[in-house]
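If you count the sequence shown from 1, position 145 lands on 146 in the working numbering, and the numbers rise without skipping. Taking it in order: structure first as structure tokens, then the write-up.
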Amino acid sequence: MTRETDSPSLTPRPAGSPDSLSDSLCAHARGLFAYPPSPIAMTRHLDAIFFDIDDTLFSTSVFADKARRAAVDAMVGAGLRTTRDECFKELCEVVNEFSSNYGSHFDKVIGRLPAAASAGLNKEILVAAGVVAYHETKWRELKVYDDVYEILRWLDERDDLVRGIISAGLGIKQAEKVIRLRIYEFLTPNAIYFTEQIGINKPNPKLFRRVLRDLGLEAERTMYVGDNPTHDIDPANEVGMITVHNRRSGRHTHDVGRTKPSYEIEDFYGLRELLVAEFGFGNATRPH
Ligand SMILES: [Mg+2]
């Protein structure tokens, strides 16, 4: 865990000064001790933590690569006359040109290859071979990183912490990931946001403002963990949230945003470390 900014600290005033005395009395009234500053008073408060999904909770890039290769193998296996490499290259181009959410990747791949590649074959069968192989890989491979699962379980012990998702993409696809990744039980049900559903996409900071407003959260007591400096960190910084750049993997590991994150982590053990060190979270994990 790398700390990028200083956490707020209390500036001690001389004991007995009018300010410190009145602060102390007020603190007593609230059941707190503001002065002298205790280790507890030095920690930052956290009411909510939100996560990006892709390349934050699981390796989208590795998963997509495996699923696409499986689809290509199946299409060639079903008779498509091309090499695996050529077919994979076409598929990657189609995804780049039409986006990963486009619904007819495999049809486009067949259409882009020379007509002889599919002559005499039923194109729907070729597409179905690709789709089935893609989905079988999805069932088999879509898992959160082990440390992510462990830390989400650990956070689940804190009833007072809102645990949510702010994820870009089609609602049904992102929702499917939450279910397939088996993390829904660790999330606060009304704190799950998909950009298509909301109608505001990353990197518009309005998305993050909307979440804070909906749930009555204060930005400076709300954390966002994401992998993309320009689409996760910059907009969350802009609304004043505590930002954590997860640098573990993915396409955006080396991207540079306009602003620095509050913290950087390499994995979710780093997240636990900072929550313990800076936010006073307990370190214990419950037995499995
Ligand atoms: Mg991401």
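Ideal Cβ positions, reconstructed from N, Cα and C, are used throughout, including at glycine. Keep in mind the model is a prediction, meaning the values are calculated, not measured.
- Around the C-beta of W140, fewer than 16 other C-beta atoms lie within 10 Å, and the residue is accordingly described as exposed.
- In the three-state reduction of the DSSP assignment, Y135 falls in the helix class, which pools H, G and I.
- In chain order, the residues positioned with their C-beta nearer than 6 angstroms to some heavy atom of ligand 1 are D53, D55, D56, T57, G227, D228 and N229.
- DSSP places Y194 within a strand segment (E or B) once states are collapsed to three.
- In the DSSP assignment, R164 falls within the unbroken beta strand (DSSP E) covering V163 to S168.
- Taking every protein chain shown into account, the CB of A117 has fewer than 16 other CB atoms within 10 angstroms, so this residue is exposed.
- D55 is bridged by DSSP to F59.
- Taking a C-beta distance under 8 angstroms as the contact criterion, T57 and F280 do not qualify as a contact pair.
- Ranked by Cα distance from N229, the first of G251, I201, G172 and N202 is G251.
- The alpha-carbon of G80 is positioned some 14 angstroms away from that of E87.
- Separation of the CB atoms of D233 and D53 is rounded to 5 angstroms, and the pair is thereby assigned contact status at 8 angstroms.
- Taking a contact to require three or more Cβ pairs closer than 8 angstroms, the region 165-178 and the region 191-203 qualify as touching.
- Residues V240 of the same chain have their beta carbon placed closer than 7 angstroms to that of R210, with the five preceding and five following residues left out of the count.
- The region 83-98 makes contact with the region 114-129: 3 or more CB pairs, one atom from each, lie closer than 8 angstroms.
- According to the DSSP secondary-structure assignment, N247 is paired through a beta bridge with I266.
- Residue state for I180 is assigned as helix, using DSSP reduced to three classes.
- In the pairwise beta carbon analysis, the region 126-141 is classified as touching the region 69-79: at least three pairs are separated by under 8 angstroms.
- Collapsing the DSSP output to three states places M224 in a strand.
- By the criterion of a C-beta distance shorter than 8 angstroms, L218 is surrounded in its chain by D48, A49, V163 and V212, once the five residues flanking it on both sides are discounted.
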